[in-house]
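Numbering (my numbering), first residue to last: 82 to 234. We treat Cβ as the ideally placed atom computed from N, Cα and C, and that holds for glycine. Below is one structure, written out as structure tokens; the observations come after it.
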């Protein structure tokens, strides 16, 4: 009993408890999901810009969200330039081709960030597995048998 207690207290001190790892894993996966949402928004903007370029019309009718899902109709006289959110609340006026270049760079950067977050989540999952295997070994437990199901005829 003393040996297991010492190992468990060591795991708590070093931060390798499954609860702590579960919380870190959840946080990393939520961050990754947020980055995927940003990528989806940029790709939607890319599709909108491409459709604007194809239509080649100067004017544009649209609806603008004033907040709390309250929309008003608007008419844009010159849609050759758009404002793109670049981060931290800043917007930059760009032409369609400049915006497409920016979107390409931004999605590449965000994709690289998702790869880093995916690797981090894999490391955390490996740490959880290692801790559980170590505890199972210390307690002289065998692998938990999988629940067998009967096959249909």
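contact_flag[the region 163-181, the region 191-204] where n(CB pairs < 8 Å) is 3 or more: No: the two stretches stay apart, fewer than three of their Cβ pairs being nearer than 8 Å.
Delimiting residues of the alpha helix (DSSP H) encompassing residue 147: In the chain shown, the residue the question calls residue 147 occupies position 66. From DSSP, residue 147 is part of no alpha helix (DSSP H); its letter is neither H nor E.
Residue 138 in three-state terms, based on DSSP: By one-based count along the chain shown, residue 138 stands at place 57. It is coil, neither helix nor strand.
Residue 136 to residue 165 span [Cα, whole Å]: Working through the chain shown from its first residue, we reach residue 136 at position 55. Working through the chain shown from its first residue, we reach residue 165 at position 84. Going from the Cα of residue 136 to the Cα of residue 165 covers about 20 Å.
Residues sharing a beta bridge with residue 131, DSSP: One-based indexing of the chain shown puts residue 131 at position 50. In the DSSP output, where bridge partners are listed per residue, residue 131 has none listed.
Exposed unless 16 or more other CB atoms sit within 10 angstroms - verdict on residue 130: Position 49 of the chain shown, counted from the first residue, corresponds to residue 130. The residue in question, residue 130, is buried, as its Cβ has 16 or more Cβ neighbours within 10 Å.
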